[in-house]
Ligand SMILES: [Zn+2]
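Residue numbers (our numbering): 31 to 462.
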């Protein structure tokens, strides 16, 4: 597992990424997908506005199900993490109005400055900034939702053309092609895409402060992609964001494969709700169906390492509690129990339904009937079994107090391992 703590971390290595976080959220987590060649490179930025879930669940979905086979895609799935946790546009003000000028005292200063450098990286050819906007953009006024002032279901351009030698300088043409691609064979015309030109330079002083206009001023082709805030189903927003991303990639000549059918909305929904696991140092929490509150999580007082399987995973510490999020969804809250903690993985022997296996900390075992931790070196505590020294005891589901389960279905329990007063890690037991 890579555990690099850089502004920009992690290199493409298949379909699996993990997300190592710090609780200050002053770094930008970026996934680089296939960066071996110097063909077109596209930068996707999600979650500049915290209350626009289509804009962060979509890039997360993209990194999970797509593989870039020609060219490169750099993905920042959830830029404004703290605002995403609060489901707020911007808890320190609108981050997308801070790209012309930002005070060093501004609490978004660090993120915005780092992002400007990434946008200006000479390897980036094209920038997409994802949003969920109000209503449904139409060239002519239909009603209060479908009109030229709406933002949703459109590519937004700051001007028709960029005065540059870039092969993507003709912004209007590119956005038109994207529109055509998304709308062809569309089953629901209501959600058709449009192209909205804000004529930023001449007409829109507010938009002159935006991310895309910062890119444009620096002769870098950039588009905002807006799905509609008035589409309620998150899987539909993600579907349209992904259709747009696919269309932009295709125009840029970037090739990809995917392991999911994006016309299948139930498959998209299922993927969005796959929260997977959170590892804290050497222990593990399953985030799907987890109880809303978990007491007594063994942790260190300081310098804990948090690693999510899901790139949208984040944590907020408030008073003595830790709040766990996937995007804007609050998943659970846990209370720490402070120990000296061993952070290196260890393994223990467990007899699972009669068969002895070596199991390492942070993994999960599946049990049909019973298990027994065969160990004399460490003290084993099966939480809810109740003896505190549970080495060499045959344990089945009926022996454990169901209120100690981690999940609402009462199937998943914890084996904790201690060496005297040092917490060595945990293993999950899932009863079938
Ligand atoms: Zn927005």
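No residue lacks a Cβ here, since even glycine has one placed at the ideal position from N, Cα and C.
Looking at the DSSP output, residue 389 shares a beta bridge with 378. Here residue 456 is actually not in contact with residue 424; their C-beta atoms are around 20 Å apart, not less than 8 Å.
A heavy atom of ligand 1 is found nearer than 7 Å to the CB of residue 163.
Remark: the C-beta of residue 276 is outside contact range of ligand 1, defined as less than 7 Å to any heavy atom. Residue 79 has its CB nearer than 7 Å to a heavy atom of ligand 1. Taking the Cα of residue 80 as reference, the smallest distance to any Cα among 417, 402, 416 and 357 is reached at 357.
Per DSSP, residue 290 lies in no alpha helix (DSSP H) segment and is marked neither H nor E. Restricting attention to 367, 74 and 319, the CA atom closest to the CA of residue 334 is found in 367.
With 16 or more other CB atoms across the displayed protein chains lying within 10 angstroms of its CB, residue 58 is buried. Looking at 71, 77 and 454, the one whose alpha-carbon comes closest to that of residue 254 is 77. If you check the C-beta of residue 337 against ligand 1, you find no heavy atom less than 7 Å away. Minimum Cα-Cα distance from residue 451 among the listed residues 108, 209 and 411 corresponds to 411. Residue ranges of uninterrupted beta strand (DSSP E) with 3 or more members, entirely inside the segment 62–113 and ordered along the chain, are 71–75, 96–100 and 102–106. Judged by DSSP secondary structure, residue 402 falls within the beta strand (DSSP E) whose first and last residues are 400–404. In this structure, residue 166 lies near residue 183, with their beta-carbon atoms less than 8 Å apart. Within 10 angstroms of the beta-carbon of residue 178 lie fewer than 16 other beta-carbons, which makes it exposed. Straight-line spacing of the CA atoms in residue 270 and residue 312 works out to 39 Å. Short note on residue 385: C-beta not closer than 7 Å to any heavy atom of ligand 1. Under the three-state reduction of DSSP, residue 244 is assigned to helix.
Under the Cβ criterion (8 Å, minimum of three pairs), the segment 96–103 counts as touching the segment 285–303. Between the beta-carbon of residue 289 and that of residue 228 there is about 36 Å, and that puts the pair past the 8 Å contact cut. As computed with DSSP, residue 172 is found in no beta bridge at all.
By DSSP's assignment, residue 460 forms a beta bridge with 396 and 442.
Boundaries of the beta strand (DSSP E) harbouring residue 256: 252–258, taken from the DSSP string. Residue 349 and residue 365 do not touch by the CB rule: their CB atoms are close to 10 Å apart, not below 8 Å. Under the 10 Å beta carbon count, residue 386 is surrounded by fewer than 16 other beta carbons and is classified as exposed. Note: residue 163 is bridge-paired with 258 in the DSSP secondary-structure output. Excluding the 5 residues flanking it on each side, residue 236 has same chain C-beta neighbours closer than 8 Å at 127, in chain order.
Note that the C-beta distance between residue 329 and residue 371 is below 8 Å.
Each residue's CA atom was taken as its position, placing residue 191 and residue 84 some 28 Å apart.
Listed as beta-bridge partners of residue 329 by DSSP are 368. In this structure, residue 304 has its beta carbon at no less than 7 Å from each heavy atom of ligand 1. Distances taken from the Cβ of residue 318 to the heavy atoms of ligand 1 include none shorter than 7 Å. Residue 125 sits in a helix when the DSSP states are folded into three classes.
Ranking 90, 82, 53 and 242 by CA distance to the CA of residue 62 puts 90 first.
Contact fails between the segment 291–301 and the segment 234–249, because fewer than three Cβ pairs, one in each stretch, are under 8 Å apart.
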